[in-house]
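What follows is a short report on a single structure.
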RNA sequence: GCGAUCGUAGCUCAAUUGGUUAGAGCGCUGGUUUGUGGUACCAGAGGUUGCGGGUUCAAGUCCCGUCGGUCGCCCCA
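In my numbering, the protein residues as written are 890 to 1310.
Shown next as structure tokens:
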């Protein structure tokens, strides 16, 4: 690998579409993840960990082998055995694979959350990176509409806790298998009858994925889409009752939503509930959290018939929308002067940290430098410790915001800080 | 995969129709003050102008290529 013949070293640069975070963006990232963990705990969801890499067919099968999603947009490569592996482009397929592999049906119904990096081999652009991050929630093994309600209420509360403004929940149903099939046929008939007016892309979709014509961006398709039959005309009694139950449950939970009859999911293992939390602040990449019921997926992957529902949300997008977190990393900064004080500072730090304080000391520089660093760290208090304080068994406690300073007995410091908390 | 656009200090940007030694602010380091930060003043470090080639007496500036960023198209699980 390293070629010491050549003086030219490779540039230190990230792989295309991958990014490094430090400081404010890193804090926002952590804030989203932290809030997600907290809200998921309140809803009784358990953390699940699954691999970042799976055999390519795990994703290829669920996405449809022939689409260029598979051929072009998955981050795939061969390992040393010539086995085709893929960096996960989404969470659901891997979690379902684990559910089958590990026999997790014994725990059903399972309420699971996870978050972490995902990968898609696309040209990066605004809001889309090759490595990106999502939060994810799934309920596996529950056919009840109550599961959909709880899952959506979870997302709703999360967005509220994050302080995300201007988001609306759009809700639709894709019905059960028969309803969906009948609707699909109805749509194909409708669009085929007006094929000549249809945009070129939508004409292609007519063959591959007719439901997707409904969210075509082409202005030319608008009137046709408006005139297209809604699913309601094809709804079976069971599917209608299910959708009704979800809507009533949301209303009872105080979750606001609006019916969006053109909201669809492309793949045919999706059933019933489909929803998206859509922001008006993000341009074309408007969805912040999207999900739905995928009762057919686990069976399609070779497992037992298992109803399931889930959602995922992009952390980077949520970062852009949430109110900025208050970044107070350090509470107490120690400013020791001289070797003896530096040594003594270690004991103080240990005591403070054991008591739950975020505390640190500057490692270098004269007093001025250390005070500067203390100020930059955002610490509320500076604890100044020099030879005279050591002798007297005291410290100087400075309130950084007020600029006031007083002498405190070393033995009382912890109590004084706790009182000020 | 296709298209547009941009690459100058760690960051944000200057630099006359091509014309001396490529500048500023912020940040960083040190000092004014070897015991006091968030405000002041002084000084310093930091650049092969992304990389390679070409045109020219002369290229940060013009041309070609290449790599990278950004935005869009395709796609969006």
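Glycine is no exception: its CB is placed at the ideal position from the N, C-alpha and C atoms.
For residue i, three-class secondary structure by DSSP
i: residue 914; result: helix
i: residue 1000; result: strand
i: residue 1169; result: coil
i: residue 1197; result: strand
i: residue 1163; result: strand
i: residue 1153; result: coil
i: residue 1146; result: coil
i: residue 891; result: Unreliable placement is indicated for residue 891, whose pLDDT of 34 sits below 50; the coordinate value is still reported in the next sentence. Three-state result, residue 891: coil.
i: residue 897; result: Low confidence applies here, because residue 897 scores a pLDDT of 48, under 50, leaving its location unreliable and the question unanswered by this model.
i: residue 928; result: helix
i: residue 935; result: strand
i: residue 905; result: coil
i: residue 1310; result: coil
i: residue 942; result: strand
i: residue 1203; result: strand
i: residue 1192; result: coil
i: residue 1138; result: helix
i: residue 1185; result: coil
i: residue 1126; result: helix
8 angstroms Cβ shell around residue i - same chain, five flanking residues per side excluded
i: residue 1087; result: 1080, 1095, 1102, 1109, 1110, 1113
i: residue 1303; result: 1240, 1241, 1244
i: residue 1279; result: 1229, 1230, 1233
i: residue 892; result: Confidence is the limiting factor: at residue 892 the pLDDT is only 32, short of 50, which leaves the residue's position unreliable and the question unanswerable from this model.
i: residue 902; result: none
i: residue 967; result: 973, 974
i: residue 934; result: 1000, 1001, 1002, 1026, 1043
Contacts around residue i, its chain only, beta-carbon distance under 7 angstroms, and the 5 residues preceding and following it disregarded
i: residue 912; result: none
i: residue 1023; result: 980, 1004, 1007, 1201, 1202, 1203, 1204
i: residue 1051; result: 921, 924, 1207, 1211
i: residue 1260; result: 1224, 1271
i: residue 1082; result: none
i: residue 1140; result: none
i: residue 1273; result: 1224, 1284, 1285, 1287
i: residue 928; result: 1043, 1046, 1047, 1050
i: residue 1256; result: 1224, 1226
Minimum C-alpha distance to residue i - residue among the options
i: residue 1149; options: 1140, 1026, 1125, 1119; result: 1119
i: residue 1193; options: 975, 941, 1030; result: 1030
i: residue 1161; options: 1260, 1152, 1089; result: 1152
i: residue 1266; options: 925, 1220, 1048; result: 1220
i: residue 917; options: 1053, 1309, 1137; result: 1053
i: residue 1391; options: 1232, 1185, 1062; result: With the chain covering 890 to 1310 only, the question about residue 1391 has no answer from this structure.
i: residue 1122; options: 1067, 1156, 1107; result: 1067
i: residue 1064; options: 996, 976, 1038, 1158; result: 1158
i: residue 1183; options: 1032, 987, 926; result: 1032
i: residue 1133; options: 1084, 1037, 1222; result: 1037
i: residue 977; options: 942, 927, 988, 1077; result: 942
i: residue 1236; options: 1264, 1286, 1256, 1299; result: 1299
i: residue 986; options: 1262, 962, 1296, 947; result: 947
i: residue 1073; options: 1056, 1093, 1099; result: 1099
i: residue 915; options: 1026, 1263, 1209; result: 1209
i: residue 938; options: 982, 951, 966, 965; result: 982
i: residue 962; options: 1000, 996, 929, 1009; result: 1009
i: residue 1011; options: 965, 1025, 1301; result: 965
i: residue 1190; options: 934, 940, 950, 931; result: 950
i: residue 998; options: 1055, 1105, 1040, 1077; result: 1040
i: residue 1058; options: 945, 1178, 1115, 1252; result: 1178
i: residue 940; options: 1078, 988, 931, 1115; result: 988
i: residue 1055; options: 1168, 1222, 1251; result: 1168
i: residue 1028; options: 1015, 993, 1084; result: 993
i: residue 1116; options: 1129, 1130, 1131, 1077; result: 1077
Chain-order list of residues whose beta-carbon lies under 6 angstroms from that of residue i (same chain, five-residue window excluded)
i: residue 1069; result: 1063
i: residue 1163; result: 1061, 1063, 1152, 1154, 1181
i: residue 1276; result: 1227
i: residue 1107; result: 1088
Contact the region 1195-1211 vs the region 1239-1249: 3+ CB pairs below 8 angstroms | No, the region 1195-1211 is not in contact with the region 1239-1249.
At what residue ranges does the region 1075-1119 contain a whole run of the alpha helix (DSSP H), taking only runs of 4 or more?
-> You should have 1089-1097, 1111-1116.
Quick check: the region 901-909 against the region 1014-1033, are there 3 or more CB pairs under 8 angstroms?
-> Short answer: they touch.
Taking the runs of the beta strand (DSSP E) that are 3 residues or longer, which of them lie wholly in the region 1216-1300?
-> Correct list: 1221-1225, 1248-1250, 1270-1274, 1283-1288, 1293-1298.
Does the region 1037-1051 come close enough to the region 1135-1148 to have 3 or more Cβ pairs within less than 8 angstroms?
-> With a cut-off of 8 angstroms on Cβ pairs, the region 1037-1051 is in contact with the region 1135-1148, counting three or more such pairs.
Entirely within the region 960-1034 and at least 4 residues each: give me those alpha helix (DSSP H) ranges in chain order.
-> Taking 4 residues as the shortest admissible run, the region 960-1034 contains the following complete alpha helix (DSSP H) segments, listed from N- to C-terminal end: 981-990.
Mind the definition here: the region 1254-1274 touches the region 1285-1304 only if three or more C-beta pairs lie below 8 angstroms; say whether that holds.
-> Result yes; three or more Cβ-Cβ pairs closer than 8 angstroms.
Would you mind listing the beta strand (DSSP E) stretches within the region 1037-1076 that are 3+ residues and don't spill past its ends, in chain order?
-> Correct list: 1056-1062.
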